[in-house]
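**Q** When you line the sequence shown up against the numbering used here, it's residues 24 to 151, in that order.
This structure is in structure tokens; I'll ask about it shortly.
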Amino acid sequence: MGFDQYHEPAGELPDETRTFARLCASLTEEAEAIGWYEQRMAVESDREARAIMRDAQGEEFKHFCMDLEFLLRRTDLWHEIARGILFQDGDIVEHGEEAEEEAVEGAAARGAPLPGATSLGIGSLRRE
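Below, the structure is given as structure tokens:
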């Protein structure tokens, strides 16, 4: 990936956004590594080699979780949605839909701007 992780000129991005992008890239890389180890273990016949790969995959899981926690701590909306999905019994998609709806409605009720929104979160200035 190199330095192609930015879709806007890096020099124009605030430090916080660049750090966020770095952790998003790291999260992706950790997920890829987890998948690669899973494939390698599936075809490896040597028990000791599989044990080493399983240990290495565990490190990747740890790094993935650390990256995810960093990102969730800095994005309230993501954090709220994740809380409604993760570690819940039942239908994952249903939880996802409900969590997203509740998080977006909650942010709107608080007047918090949503990520990517062009509104300042102050409501309409028109008379109704």
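Note that the Cβ used here is the ideal one computed from N, Cα and C, for glycine as well.
Model, not experiment: these values are computed from the prediction.
Would the beta-carbon of residue 48 fall within 8 Å of that of residue 80?
**A** no
**Q** Count the other C-beta atoms from every protein chain shown that fall within 10 angstroms of the C-beta of residue 126, then say buried if there are 16 or more, exposed otherwise.
**A** buried
**Q** Quick check: the Cα distance between residue 89 and residue 42, rounded to an integer number of angstroms?
**A** 14 Å
**Q** So does the segment 62–79 actually touch the segment 105–113, counting three or more Cβ pairs closer than 8 Å?
**A** no
**Q** Can you grab the Cα-Cα spacing for the pair residue 91 / residue 73, in whole Å?
**A** 26 Å
**Q** DSSP on residue 104, reduced to helix/strand/coil?
**A** helix
**Q** Where residue 147 and residue 119 are concerned, what is the direct C-alpha to C-alpha distance, given to the nearest angstrom?
**A** Any reading at residue 147 must be qualified, since the residue scores a pLDDT of 46, below 50, and its modelled position is unreliable; the value itself is stated next. Taking the straight line from one Cα to the other gives about 30 Å.
**Q** From the DSSP output, in three-state form, read off residue 78 for me.
**A** helix
**Q** For residue 96 and residue 39, I'd like the C-alpha separation in whole angstroms.
**A** 13 Å
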